[in-house]
Amino acid sequence: MKKIPVELRQLEYFQMAARLKNLTRAAERLHVSQPNITVAIKKLESSLGIQLFDRSQKQLSLTPEGSVFLSRVDVALRNVQDALIEIDDYKQLQKGTIRIGIPPMIGSFLFPRIYCDFRRQHPNLAINLFEEGSKKAREKLEEDEIDFGIVIISDPSPKLSVLSMATCQLVVGVPVDHPLSKKSSITLEDFADAESIFMKEGSFLRSQILEKCQSQGLEPNIIIESNQIETIKGLVSSGAGITCLLDFVLENTPGIKVIPFREPLFYDLGLAWKKERYVSHAAQAFIDFCRDQLIR
Numbered sequence: 364m365k366k367i368p369v370e371l372r373q374l375e376y377f378q379m380a381a382r383l384k385n386l387t388r389a390a391e392r393l394h395v396s397q398p399n400i401t402v403a404i405k406k407l408e409s410s411l412g413i414q415l416f417d418r419s420q421k422q423l424s425l426t427p428e429g430s431v432f433l434s435r436v437d438v439a440l441r442n443v444q445d446a447l448i449e450i451d452d453y454k455q456l457q458k459g460t461i462r463i464g465i466p467p468m469i470g471s472f473l474f475p476r477i478y479c480d481f482r483r484q485h486p487n488l489a490i491n492l493f494e495e496g497s498k499k500a501r502e503k504l505e506e507d508e509i510d511f512g513i514v515i516i517s518d519p520s521p522k523l524s525v526l527s528m529a530t531c532q533l534v535v536g537v538p539v540d541h542p543l544s545k546k547s548s549i550t551l552e553d554f555a556d557a558e559s560i561f562m563k564e565g566s567f568l569r570s571q572i573l574e575k576c577q578s579q580g581l582e583p584n585i586i587i588e589s590n591q592i593e594t595i596k597g598l599v600s601s602g603a604g605i606t607c608l609l610d611f612v613l614e615n616t617p618g619i620k621v622i623p624f625r626e627p628l629f630y631d632l633g634l635a636w637k638k639e640r641y642v643s644h645a646a647q648a649f650i651d652f653c654r655d656q657l658i659r
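The numbering used here applies: residue 364 is where the sequence shown begins, and numbers increase by one.
Below, the structure written as structure tokens:
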């Protein structure tokens with residue numbers, strides 16, 4: 364077997380440069396100088412006897428050989444990272460950090476209770492929270508940037524493992540004196556005709572309701588967009604427009620009547636994490652905790 368002298372740092376520099384397609388940005392992300400990355404990659408190419416990047420273009424791009432090598436490097440570095448995490452688990456059984464991505468709705472109304480109950484059981488485990496829409500949280504899971512997402516798990520990616528925790532209904536919130544408040548259910552036509560307040564781009568539920576409207580040739584009359592749930596509720600209760608959110612978010616809100624869609628829309632909420640990735644002791648403790656909990 365041919366032995367090729369390759370350093371782990373060279374592989375990390377190559378991976379980051381390939382992902383960002385820019386040596387300067389890669390250097391900034393890794394907190395090193397650009398010359399360090401340039402020299403390391405040239406040494407790597409010399410050791411391998413191939414050219415990894417096509418430097419003839421304005422934007423840094425991989426050669427065919429570089430693309431093949433990157434796929435192997437991604438696996439190798441992920442395995443090294445998992446090995447280090449596993450070893451650290453053995454050294455610090457009572458310590459650990461969990462990175463969790465949550466959409467604003469869950470972060471505002473459900474996660475505080477989950478967090479407090481979990482911390483009571485595991486006071487030595489730290490939680491880093493990232494507020495992201497369900498779609499963005501899924502992307503971060505697949506890119507190994509977070510450990511978990513407490514997200515809408517309908518139509519899950521095959522790359523993710525999921526643990527269903529609750530089923531919620533998408534409902535319409537209308538001001539109590541709004542013409543629609545007299546209805547017992549609301550059609551998509553009713554919803555599209557009224558002035559509405561929506562979550563911003565990146566929200567899974569936003570994309571779902573827009574797709575359903577567009578499938579029927581409807582275009583909602585969006586007047587305001589916000590990812591601040593309390594702002595949306597305040598605007599609705601003040602009579603600015605209607606909205607659609609999960610039922611537990613709008614329940615018992617003064618000034619707002621909650622009405623289901625005529626064709627009910629249900630979604631599963633749950634815990635998602637990447638398949639075939641090492642699960643630390645801290646992460647496993649969180650999975651076990653969530654298995655024992657019911658959001659509703």
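C-beta: ideal position from N, C-alpha, C; glycine also.
Identified DSSP bridge partners for residue i
{"i": "N491", "result": "R462"}
{"i": "N584", "result": "E558"}
{"i": "C531", "result": "Y630"}
{"i": "P538", "result": "I619"}
{"i": "F511", "result": "I463"}
{"i": "L670", "result": "Past the edges of the chain, shown from 364 to 659, lies residue 670, and the structure says nothing about it."}
{"i": "I549", "result": "F624"}
{"i": "K606", "result": "The amino acid occupying residue 606 in the given sequence is Thr; Lys does not appear at that position. Beta-bridge pairing links T606 to G536."}
{"i": "K637", "result": "L523"}
Exposure of residue i, with buried meaning 16 or more beta-carbon neighbours within 10 Å
{"i": "G633", "result": "buried"}
{"i": "C653", "result": "buried"}
{"i": "I586", "result": "exposed"}
{"i": "R476", "result": "exposed"}
{"i": "L371", "result": "exposed"}
{"i": "G459", "result": "buried"}
{"i": "T606", "result": "buried"}
{"i": "K596", "result": "buried"}
{"i": "D480", "result": "exposed"}
{"i": "K620", "result": "buried"}
{"i": "D417", "result": "exposed"}
{"i": "G512", "result": "buried"}
{"i": "V402", "result": "exposed"}
{"i": "V599", "result": "buried"}
Residue i vs residue j beta-carbon contact at 8 Å
{"i": "Q373", "j": "L425", "result": "no"}
{"i": "S548", "j": "Y630", "result": "no"}
{"i": "K522", "j": "K637", "result": "yes"}
{"i": "Y641", "j": "D437", "result": "no"}
{"i": "V525", "j": "F624", "result": "no"}
{"i": "V539", "j": "G618", "result": "yes"}
{"i": "L581", "j": "L628", "result": "no"}
{"i": "L568", "j": "L533", "result": "yes"}
Close-in-space but distant-in-sequence residues of the same chain around residue i (CB under 7 Å, 5 per side omitted)
{"i": "M468", "result": "I592, L608, L609, V612"}
{"i": "I490", "result": "I461, I463, Y478"}
{"i": "K545", "result": "none"}
{"i": "L423", "result": "A380, K384, N385, L386, F416"}
Whole-Å CB distance - residue i paired with residue j, under 8 Å assumed
{"i": "N584", "j": "A555", "result": "7 Å"}
{"i": "P466", "j": "G496", "result": "5 Å"}
{"i": "I413", "j": "A380", "result": "In fact, because the Cβ distance is near 15 Å, the residues do not count as touching under 8 Å."}
Cβ shell of residue i (< 6 Å), same chain only, five flanking positions each side left out
{"i": "Q397", "result": "L386, T387, A390"}
{"i": "E588", "result": "F561, K563"}
{"i": "L485", "result": "In the sequence as presented, Leu is not what sits at residue 485; that position holds His. Correct list, in chain order: A648."}
Close-in-space but distant-in-sequence residues of the same chain around residue i (CB under 8 Å, 5 per side omitted)
{"i": "F472", "result": "I592, F611, V612"}
{"i": "E375", "result": "L393, L440"}
heavy atom of the ligand ADP below 7 Å from residue i C-beta
{"i": "S517", "result": "Ligands displayed in this structure: none; no statement on the ligand ADP is therefore possible."}
Any chain C beta carbon closer than 8 Å to residue i
{"i": "R483", "result": "Of the protein chains in the structure, only one exists, and it is not chain C."}
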